[in-house]
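What follows is a set of notes on a single structure, which appears directly below.
In this note's numbering, the protein residues as written are 44 to 271.
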């Protein structure tokens with residue numbers, strides 16, 4: 044619990060920096076690309092963004108969807124809620140959510156699994172709240188990519204206190220965590236095949252299953268329908 048409190052405290056004290064990063068030209072390119080990746084895989088209906096932060100993504104994905112923003116940082120949630128990005132804001136940790144079982148059609152995480160104290164427990168808890176056949180989309184920084192190596196170097200040098208607490212994963216490791224938690228992996232999308240934190244000359248391409256050096260991977264999994 045102390046580790047979780049420390050992470051929450053870090054995000055609480057960096058709300059403005061976290062949110063304003065998406066307003067810079069390089070951050071906006073990442074935001075729009077990752078939102079488009081999610082649009083391609085998330086169904087309509089009621090869902091939850093786990094680790095929503097300041098609700099940037101829920102604000103872009105609400106068309107034909109109702110999205111609950113779940114985050115342990117009250118300051119993050121308040122920042123997003125007061126800006127109209129999220130209608131339904133709930134405080135809670137991913138490992139023990141205050142949400143109903145078998146209730147949501149989808150859930151998604153964006154650069155969240157890297158900061159979870161117990162990712163296996165969080166995925167099992169997500170499995171619990173999804174309906175049979177519900178979709179889970181996990182978007183994460185690919186550890187072996189140029190982006191992953193760049194962020195790990197920043198963390199090693201102590202330049203960014205938040206990144207210093209991150210644990211990066213490969214797609215295979217995320218697939219294994221999902222399978223252990225009862226999910227069936229369906230597909231992968233990848234993007235950000237350009238140098239980290241630069242401004243791409245054109246909208247970044249989104250690849251399916253084949254990208255030699257993409258900065259982020261979106262793994263799409265489902266709760267099997269036989270679990271009723």
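Note that beta-carbon positions come from the ideal geometry of N, C-alpha and C, so glycine has one too.
If you're wondering where the values come from, they're calculated on a predicted model, not measured in any experiment.
Tell me whether the beta-carbon of residue i lies closer than 8 Å to the beta-carbon of residue j.
i, j, result
"residue 173", "residue 230", "no"
"residue 133", "residue 103", "no"
"residue 100", "residue 81", "yes"
"residue 183", "residue 217", "yes"
"residue 148", "residue 90", "yes"
"residue 119", "residue 96", "yes"
"residue 153", "residue 269", "no"
"residue 178", "residue 122", "no"
"residue 221", "residue 228", "yes"
"residue 187", "residue 213", "yes"
Could you give the residue range of the alpha helix (DSSP H) that holds residue i?
i, result
"residue 92", "Per DSSP, residue 92 belongs to no alpha helix (DSSP H); it is in the beta strand (DSSP E), 88 to 93."
"residue 214", "214 to 223"
"residue 124", "117 to 125"
"residue 84", "68 to 84"
"residue 62", "58 to 64"
"residue 163", "162 to 172"
Enumerate in chain order the residues of its own chain whose CB-to-CB distance from residue i is below 6 Å, with the five nearest sequence positions on each side excluded.
i, result
"residue 84", "180, 263"
"residue 233", "250, 254, 257, 260"
"residue 110", "90, 92, 101"
"residue 48", "none"
"residue 191", "184, 185, 211"
"residue 107", "87"
"residue 56", "none"
Since residue i contacts residue j with CB under 8 Å, what's their CB separation in whole angstroms?
i, j, result
"residue 208", "residue 50", "6 Å"
"residue 94", "residue 137", "6 Å"
"residue 69", "residue 242", "5 Å"
"residue 247", "residue 72", "7 Å"
"residue 165", "residue 159", "5 Å"
"residue 98", "residue 124", "7 Å"
From what residue to what residue does the beta strand (DSSP E) around residue i run?
i, result
"residue 148", "147 to 153"
"residue 100", "From DSSP, residue 100 is part of no beta strand (DSSP E) but of the alpha helix (DSSP H) over 99 to 104."
"residue 110", "108 to 114"
"residue 259", "259 to 265"
"residue 136", "Careful: residue 136 lies outside any beta strand (DSSP E) and carries neither H nor E."
What residues in its chain sit with their C-beta under 8 Å from that of residue i, if we drop five residues either side in the sequence?
i, result
"residue 144", "171, 172"
"residue 189", "238, 239, 256, 258"
"residue 79", "249"
"residue 201", "207"
"residue 142", "91, 111, 113, 133, 135, 172"
"residue 157", "183, 184, 209, 210, 211, 212"
Take residue i and list the residues in its own chain whose beta-carbon comes closer than 7 Å to its own, dropping the five residues that flank it on each side.
i, result
"residue 140", "113, 168, 172"
Problem set entry | Segments assigned beta strand (DSSP E), at least 3 residues, entirely inside the segment 179 to 256 | 227 to 234
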